[in-house]
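In the working numbering, the protein residues as written are 142 to 963.
Below is the structure:
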């Protein structure tokens with residue numbers, strides 16, 4: 142059974158793969174599917190067994206495997222069956238040859254695009270060669286990586302091939318039968334590869350699922366299409382008259398939609414359909430289930446921008462749930478005053494992770510004539526742009542930019558007026574937020590409570606952080622550089638640490654110093670948990686429980702406190718006193734002036750960190766609200782996969798938002814399974830494609846390929862001065878923090894307040910992400926621990942056990958010795 146007719150009832154998943162099974166079902170239902178046949182998995186397995194290739198395939202790489210298939214002919218009996226089935230289609234027709242794996246087109250795991258498709262294949266000999274190439278595509282690096290991420294054993298998969306007459310399409314596209322309460326059709330000229338491959342922006346027709354009427358239509362400028370040529374296909378320009386002409390008439394769209402709904406009824410669930418149109422007649426090329434379909438969370442597709450997560454990636458280190466993303470957008474709107482400039486976003490969601498749009502601030506700087514000043518101001522916060530990576534400017538004139546920026550200027554003045562109220566706010570913030578948390582626990586009208594009290598309080602917490610962060614921001618940016626010139630890097634680092642004792646220490650150190658006080662019996666368990674029980678590594682993510690929700694949390698924290706931070710602070714205080722003495726001796730006139738500036742700097746940073754802590758208490762309050770809403774509605778943690786607006790709709794009785802939960806869970810699980818994306822992204826970025834690339838870079842992605850080759854040296858910002866040698870411990874999450882022994886060098890992607898407990902044990906700290914004002918740099922300076930931050934490549938180049946020399950003054954990390962291999 143090497144081949145089967147397309148509609149053969151024996152064409153099941155194990156025999157013809159996911160794509161083949163789907164097409165067989167469509168053909169048996171007499172839907173307009175192009176004629177064709179299946180080359181079964183039995184043929185693939187017989188070929189592999191005949192040549193004894195299985196073990197060589199499992200042991201080889203993609204290039205070696207492709208060579209195996211290219212040099213081993215298909216056995217005569219299999220080749221004869223394929224030739225006979227092909228000749229039955231007619232006089233050597235042009236065909237499409239599509240791979241169909243046994244783990245493909247399944248609910249929640251489509252494997253779309255992981256194996257290969259070949260179009261416009263003509264002649265039996267060409268077909269046989271193409272079949273071998275299809276079989277080999279089961280073992281490309283992309284397909285292997287995809288199976289590994291989805292837990293599919295390599296030795297259990299096999300590949301069938303679907304051969305169909307090629308529709309000489311005048312137009313083609315895709316259709317999604319369930320897009321909320323709508324059906325969506327994408328359409329472009331020519332063969333469908335331009336749409337599926339993302340080469341062209343297609344027309345989009347949105348239709349009501351119930352009566353199949355057109356709700357909305359967007360006609361794109363379609364500049365390219367895929368066309369047939371004698372040796373295959375190629376991209377060609379769309380004729381000028383057709384570029385902005387609608388591909389489908391309304392009648393054609395309705396007919397396609399009717400076919401889509403018929404396929405959905407046949408399958409019993411929503412489907413993603415690939416279609417083609419030839420001489421006004423529709424053909425169905427493929428249909429796959431989307432019961433577990435995913436959304437695309439990718440703002441890099443909105444334009445050619447330069448994105449960085451150098452600051453927000455520190456605060457929000459994980460893939461966000463939709464609930465958290467809706468809150469983060471509200472937070473950004475308060476911090477940045479507005480969420481966009483002329484339709485271009487200030488921040489974006491790329492694969493569930495948050496990034497800032499540097500193109501927007503660069504364009505604003507150009508319009509204001511402050512390009513260099515804004516760039517210099519951003520450097521200590523977001524870090525450097527890698528060599529060779531350009532920052533594309535927004536497609537707006539200077540006048541358009543200034544006009545769009547007017548609300549920003551007014552909003553920032555309003556925020557500035559709140560600065561004087563910060564002490565009063567901080568004094569009562571904990572009490573006020575806790576009072577609302579108590580109301581959440583007993584409320585019988587959660588929607589009213591949200592609108593009247595919880596949301597206003599949440600926004601106030603964000604607004605007060607914005608006020609604290611914006612006061613005299615120049616002192617944060619430029620003070621360090623001025624001090625370096627006067628007293629040198631080492632003394633400047635010490636002078637800028639928090640030199641006041643007791644409660645004058647920065648809030649970032651609060652959980653650590655409070656833990657030491659609790660261990661000494663100076664405060665109670667209740668006092669510690671009330672003040673710090675809401676702080677954790679992933680404190681923005683509202684689906685994550687707060688530490689205080691875990692009864693064993695504090696005991697584990699105590700067990701992990703092996704070094705008294707008080708000793709480090711005492712040493713730093715002594716170093717600070719000595720540095721001040723040297724400063725006064727060398728620059729008596731400047732010393733008092735800078736003493737006032739540094740006092741001002743410390744006050745700003747303390748205010749920023751205190752309001753940050755209360756803002757995170759606000760996120761904890763919202764978490765309480767969502768958990769309670771899940772209990773009241775009976776939908777539990779499903780609500781974390783809805784926005785806050787959608788949660789309120791559910792509380793008011795609507796079930797419509799709940800239809801989005803399954804696909805959003807699937808989307809969140811997918812993005813969470815991928816490696817952490819690069820800190821700098823330029824242009825359109827596909828997280829899945831990037832993750833599957835064995836040559837991917839973890840430091841930068843540049844769609845224009847302008848980035849310089851990755852450096853083999855580890856350099857970054859001087860975070861905290863000092864030189865130290867020690868063994869590297871590469872750690873990617875706080876949960877594995879017990880691997881860090883006292884005196885080792887902590888190497889990680891990024892740190893935040895949840896990592897502070899590890900710092901006293903570390904001889905030095907090295908991070909991929911960060912800048913002089915990042916958490917790692919500030920806390921390391923406070924404790925007198927050398928640090929190099931924002932290297933971008935430390936975790937790529939440094940291995941566990943390497944002997945390092947870290948120079949926090951110069952911002953360099955040198956690998957002195959690598960561990961011996963066994």
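Heads up, the beta-carbon is just placed ideally off N, CA and C, and yes, glycines get one too.
So residue i packs on residue j, CB below 8 Å; how close in whole Å?
i           : j           : result
residue 949 : residue 863 : 5 Å
residue 460 : residue 916 : Contact flag wrong, Cβ pair sits at about 20 Å.
residue 655 : residue 672 : 6 Å
residue 532 : residue 515 : Residue 532 to residue 515, Cβ: 11 Å. No contact.
residue 840 : residue 819 : 6 Å
residue 668 : residue 751 : Rounded, the Cβ-Cβ distance is 17 Å, inconsistent with contact.
residue 606 : residue 404 : Actually they do not touch by this definition, with Cβ atoms about 51 Å apart.
residue 684 : residue 786 : Residue 684 to residue 786, Cβ: 17 Å. No contact.
Between which two residues does the alpha helix (DSSP H) harbouring residue i extend?
i           : result
residue 658 : 651 to 660
residue 814 : 802 to 814
residue 752 : 729 to 774
residue 926 : No alpha helix (DSSP H) holds residue 926; DSSP gives it neither H nor E.
residue 272 : 265 to 277
residue 417 : Counting along the chain, residue 417 falls outside any alpha helix (DSSP H), though it belongs to the beta strand (DSSP E) covering 412 to 419.
residue 538 : Segment: none, residue 538 is in no alpha helix (DSSP H) and carries neither H nor E.
Assign residue i to one of three DSSP states: helix, strand, or coil.
i           : result
residue 155 : helix
residue 225 : helix
residue 285 : helix
residue 587 : helix
residue 426 : strand
residue 857 : coil
residue 348 : strand
residue 826 : coil
residue 402 : helix
residue 248 : For residue 248, the pLDDT reaches just 41, beneath the cut-off of 50, and the residue's location in the model is therefore unreliable, although a value from the coordinates is still provided. Of the three classes helix, strand and coil, the one that applies to residue 248 here is coil, per DSSP.
residue 408 : helix
residue 446 : coil
residue 643 : Bear in mind that the predicted position of residue 643 carries a pLDDT of just 38, short of 50, making it unreliable; the figure below should be weighed with that in mind. Note: residue 643 maps to helix in three-state DSSP.
residue 785 : helix
residue 948 : strand
residue 254 : The pLDDT assigned to residue 254 is 41, lower than 50, so where the model puts this residue is not dependable, and the model offers no usable value.
Based on Cα-Cα distance, which residue from the options lies nearest to residue i?
i           : options               : result
residue 795 : 879, 547, 342 and 783 : 783
residue 581 : 687, 672, 764 and 442 : 764
residue 666 : 694, 679 and 481      : 694
residue 767 : 200, 682 and 627      : 682
residue 835 : 236, 285 and 722      : 285
residue 347 : 340, 341 and 358      : 358
residue 526 : 500, 538 and 510      : 500
residue 691 : 674, 333 and 774      : 674
residue 870 : 855, 876, 887 and 854 : 887
residue 574 : 592, 558, 553 and 602 : 602
residue 945 : 881, 951 and 865      : 865
residue 828 : 278, 148, 437 and 396 : 437
residue 380 : 388, 756 and 193      : 388
Compare the beta carbon distance of residue i and residue j with 8 Å and say whether it is the shorter of the two.
i           : j           : result
residue 362 : residue 378 : no
residue 418 : residue 329 : no
residue 276 : residue 210 : yes
residue 344 : residue 323 : no
residue 904 : residue 885 : yes
residue 900 : residue 921 : yes
residue 336 : residue 314 : yes
residue 441 : residue 847 : no
residue 188 : residue 223 : no
residue 724 : residue 632 : yes
residue 303 : residue 164 : yes
What is the residue span of the beta strand (DSSP E) that residue i lies within?
i           : result
residue 300 : 300 to 306
residue 869 : 864 to 871
residue 823 : 821 to 823
residue 382 : Residue 382 -> not in any beta strand (DSSP E); alpha helix (DSSP H) instead, spanning 381 to 384.
residue 377 : 373 to 378
residue 82  : Any property of residue 82 remains undetermined from this structure, which presents the chain solely from 142 to 963.
residue 490 : 488 to 491
residue 178 : 177 to 180
Give a yes or no on whether the minimum CB-CB distance between residue i and chain D is below 8 Å.
i           : result
residue 637 : No chain D is present in this structure, which holds just one protein chain.
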